[in-house]
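Here's the structure, in structure tokens; my notes come after.
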Amino acid sequence: MLYKLFKWLFYFTTKAYFRSLYIQGKHLVPKKGPVLFVANHSSAFMDPILLAVHIQRSLYFLARGDVFKNKIASALFNKLHMIPVYKPDVSPDDMHKNEAVFEKCYEHLENQKTILLFPEGVSKTERRLRKIKTGVARIALEAEHKNNFELKTTIVPIGINYSNTHHFKSDVFVNFGPPIDVNSFQESYLNNPKEGVLELTNAVKEALEGRMVIVEDDRLDKIIKQIEILYRSKLRDENSQRDKAPQDFYLSKDIVKAVSYFSKTDPKKLATFETKITQYLAHLKKLKIRDTQVRSSKTKLNLLSRMLYFIIGFPSFMLGYLTNIIPYKLTAFLSSKILVRKDFIGSLKLALGMFIFLFIYLIEASLFGAYTSTIWGVIFFVFLYPFGLFTINYRKEYYLTRGNLKYLLLFMRKGTIIDELKSTRAALVAELEESKETYLKTIA
């Protein structure tokens, strides 16, 4: 019951937290049978929350055993389907308990349940897949071995790709892959258990790598992000796919490969290009305009329709603003005061926001109901969330319209500067096109 309640609450929270949330391949998840879900781990509690609310089947999670020491916390975590696992660097005296943890996992799989694991073992905010541990393969193969390979366990790889895990209204692309049939490693495991585990671990590693954008060299991350800003829109226009998120994902993977290639074959040219694109983006920032505005041949303002939207929507915006400003500001204030590791920042904002908004919403609805009636209090509570979403969108449209208006005024006053930026951008894109052709010839 508690698991379902939290799943429902976090579903609406994630919908509000992210600007766009795209899930690909969810149809690949087996509707029945034992499943081990495995995913990369870049945002602490955000990752399991995100997956739990968007996977229809109930999930069980492996969590750090040291957080279970308190009896009240242990009881709560058990209700939330969390299974303690102990690490030598955190709980060296409790390592013997892991045998019981593995047995619990076998039992879950034997009962046709699902388990979510993060085989990297730790969370880290970076576009990289760290070394995969063998625990997933061991649990899967040992459970099958205990049951004469009759469980038909599958492993579903999931790549979680955030635009920025720390920022409210960022983007996330969750990429499910085809299930891995554990029984296909039966012969290898029976011949040599250690080799069988390593083979399955490598299969999991390759499946995850295919579902993620991975930047192996941290030094290249900055220029890759800059090229994504400048060039991905052009590549997207050339692509026939309709959905933006999958397109951006595959285009980013191609950009990473190309940049990595030139960093090895022509690092001087890459460094020169990085200087030019950095200067271009810095100029945009100084003028407070966006690359999309420079890229577009025409900036559509639609002043009449925008004014009608703002006038008609203003009462709804004010209601949403007044009822949501306190929990929003309180969440921002408290999350800035609580010191956590970098990979916990987004998770903290998400969880803290959910509880604060729910608490304030209940107070506001109770006060409204006290001055009207209980039924009106309930109705008011139900509409607080959609009015909050409308307020976010209203503010977004306002700043977008204001930005376009500023750009048009700048163009009217300083048209030569805009023309120079357009020429600079065109030259940068032309250089990228040339490099693209060179790169494609090398892999043809």
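Heads up, the sequence shown is in our numbering, so the first residue is 1 and it goes up one at a time.
For each residue, glycine too, the CB sits at the ideal point set by N, CA and C.
Counting along the chain, the unbroken beta strand (DSSP E) around residue 114 starts and ends at 114-117. Annotation: the continuous alpha helix (DSSP H) that includes residue 386 extends over 374-413. In this structure, residue 82 and residue 161 do not form a Cβ contact; the two beta carbons are roughly 25 Å apart against a cut-off of 8 Å. Under DSSP, residue 176 takes part in a beta bridge, and its partners are 158. Approximately 5 Å separates the beta-carbon atoms of residue 380 and residue 365; this is inside 8 Å, confirming the contact.
Annotation for residue 423: no residue places its beta carbon closer than 8 Å to its own, counting only its chain and skipping 5 residues before and after. In the structure shown, residue 273 adopts helical secondary structure according to DSSP, grouped into three states. With contacts defined as CB atoms closer than 7 Å, residue 372 and residue 352 fail to qualify as a contacting pair. Where residue 305 is concerned, the enclosing alpha helix (DSSP H) starts and stops at 303-337.
In the DSSP secondary-structure assignment, residue 24 is bridged to 175. Note: residue 63 is bridge-paired with 84 in the DSSP secondary-structure output. From the listed residues 199, 179, 391, the smallest Cα separation to residue 188 is found for 199. Here residue 274 has 223 as same chain residues with Cβ atoms under 6 Å from its own Cβ, once five neighbours each way along the sequence are excluded. Its Cα nearest to that of residue 397, the residue 313 stands out among 313, 56, 49, 367.
Between residue 151 and residue 30, the gap from beta carbon to beta carbon reaches 7 Å or more. Closest in C-alpha terms to residue 354, from the list 295, 343, 344, 327, comes 327.
Here DSSP, grouped into helix, strand and coil, assigns residue 45 to coil.
Under the three-state reduction of DSSP, residue 149 is assigned to coil, being neither helix nor strand.
A direct Cα-Cα distance of roughly 30 Å separates residue 75 from residue 132. Looking at the backbone, the Cα of residue 383 and that of residue 362 are separated by about 12 Å.
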